[in-house]
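Numbering (the numbering used here), first residue to last: 571 to 726.
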């Protein structure tokens, strides 16, 4: 094999791999941006409630009710379009979604359902005093943590 072929073939393969990764990034950017935005809105509202529950901010029944209602509304969004096969962190650099989501879609759905149930309890409790809010935050944290443990790459 000539020197030109030995250099050209690996370079071509590398170019194809880089091009495929860039294409995957672009192809899935809408779905990834949508699901990350959804999660950021969830985190914002959980933060409001968590700060109240921990005593970092003063308990406000109206604000707690609003944040819990926002979480309940987010739980009702049909996010199936967010989870496009091939948009996991093994294929796309800008996501922490593990391939396990697509390998165990039933388990992922069960975790999402548990989140919805926890949010329903939180929504009922949020405006009923700090103790009620604190009691409802545990199930929410458990639901979020279960999904993150199984389906999201830990942050660095």
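Note that CB positions come from ideal geometry on N, CA and C, so glycine has one too.
These numbers come from a predicted model, not from an experiment.
- Assignment of beta-bridge partners to residue 722 by DSSP yields 667.
- Nearest to residue 695 by alpha-carbon distance, out of 717, 636 and 617, is 636.
- In this chain, the alpha helix (DSSP H) harbouring residue 687 covers 675-695.
- Going by C-alpha positions, residue 614 is about 11 Å away from residue 638.
- With a cutoff of 8 Å on beta-carbon distance, residue 642 and residue 689 are scored as near each other.
- Between residue 640 and residue 723, the C-beta spacing is not below 8 Å.
- In this structure, the CA atom of residue 707 is about 14 Å from the CA atom of residue 629.
- Fewer than three beta-carbon pairs drawn from the stretch 664-676 and the stretch 609-627 are found closer than 8 Å, and the two stretches are therefore not classed as touching.
- Per DSSP, residue 650 lies in no alpha helix (DSSP H) segment and is marked neither H nor E.
- Taking the Cβ atoms as the reference, residue 681 lies roughly 7 Å from residue 713, within the contact range of under 8 Å.
- Residues of the same chain with a CB within less than 7 Å of the CB of residue 705, apart from the 5 flanking positions on each side, are 695 in chain order.
- The alpha-carbon separation between residue 612 and residue 645 amounts to approximately 9 Å.
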